[in-house]
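Structure first, commentary second.
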Amino acid sequence: MSVSLILLPLAVAAVAATHGATAGRDREGRVVCQVQTRMRDETLLAAALRDTDAVVGTDGDAITAEWAGVRASFRRGEVGVWAAHFTGEVDEQRAVEAVRAIDAAYGRQVQQAVLARLREQAPAAGLRLESEQVTEDASVRLVFAVEGRS
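Laid out in structure tokens, this is it:
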């Protein structure tokens, strides 16, 4: 089977939802549906795909991911919106679930990138990391002290 998903940025997805954008079929009869996502950065997307145990490859403007029996090709369209085309042992529900799992992994990748940037830039801003706590919901609380002040 073949399923194509349009990965809409969250802000665009909210507008599309109000206009009734849902699943449909393209000219070749393939299932095409729109899924909300926050994915933008290719490097973070590739890392998120690896986090879902995919074998990841890049080929010019495409990122491919392969799981047991399923292959996905991610391409960015003219306006920067990603589209994912799934082939193999996949139906619409499994493709949407895969995208949601990838989106969650992408969110964790973004969080790690932001945390690394904060740790890296803190000393230049006169801050010292005093504590770091990961909560039950996987959010991270950082406490910084201002250097040279009491």
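Everything in the sequence shown is counted per the working numbering, starting at 89 for the first residue and increasing by one. All residues carry an ideal CB built from backbone N, CA and C; glycine is no exception. Note that the coordinates shown come from a computational prediction; the quantities given were computed from them, not determined experimentally.
Kindly give me the distance between the Cβ atoms of residue 142 and residue 194, rounded to whole angstroms, as I take these residues to be in contact under 8 Å.
With 8 Å as the limit, residue 142 and residue 194 do not qualify as a contact, their Cβ atoms being about 12 Å apart.
What ranges does the alpha helix (DSSP H) occupy inside the region 165-216, keeping only unbroken runs of at least 4 residues that lie completely in it?
Within the region 165-216, the complete alpha helix (DSSP H) runs of at least 4 residues are 180-209.
Report yes if the CB atom of residue 234 is closer than 7 Å to the CB atom of residue 228, and no otherwise.
No.
Evaluate residue 133 with the Cβ neighbour count: other Cβ atoms within 10 Å of its Cβ, from every protein chain shown; 16 or more gives buried, anything less gives exposed.
With 16 or more Cβ atoms within 10 Å of its Cβ, residue 133 is classed as buried.
Work out the CA separation of residue 207 and residue 172 for me, nearest whole Å.
Their Cα atoms are separated by approximately 34 Å.
Assuming residue 229 is part of the beta strand (DSSP E), what are its boundary residues?
That run of the beta strand (DSSP E) goes 228-234.
Quick one: what's got a C-beta closer than 6 Å to residue 220's C-beta in the same chain, skipping five residues either side?
So the qualifying residues of the chain are 230.
Using the Cα positions of residue 102 and residue 152, report the straight-line distance between them to the nearest angstrom.
Note that residue 102 has pLDDT 38, beneath the 50 cutoff, so the model's placement of it is unreliable and the number below is only indicative. Approximately 27 Å, taken between the alpha carbons.
Between residue 191 and residue 126, which are expected to be in contact by the criterion C-beta below 8 Å, what is the C-beta distance as a whole number of angstroms?
Right, their Cβ atoms sit about 6 Å apart.
Could you check where the alpha helix (DSSP H) with residue 153 kicks off and where it finishes?
Segment 150-155 is the beta strand (DSSP E) holding residue 153; no alpha helix (DSSP H) there.
Taking all protein chains shown into account, do 16 or more other C-beta atoms lie within 10 angstroms of the C-beta of residue 209, making it buried, or fewer, making it exposed?
By the 10 Å Cβ count, residue 209 comes out exposed.
With distances taken between CB atoms, is the gap from residue 177 to residue 157 smaller than 7 Å?
Contact flag set, yes.
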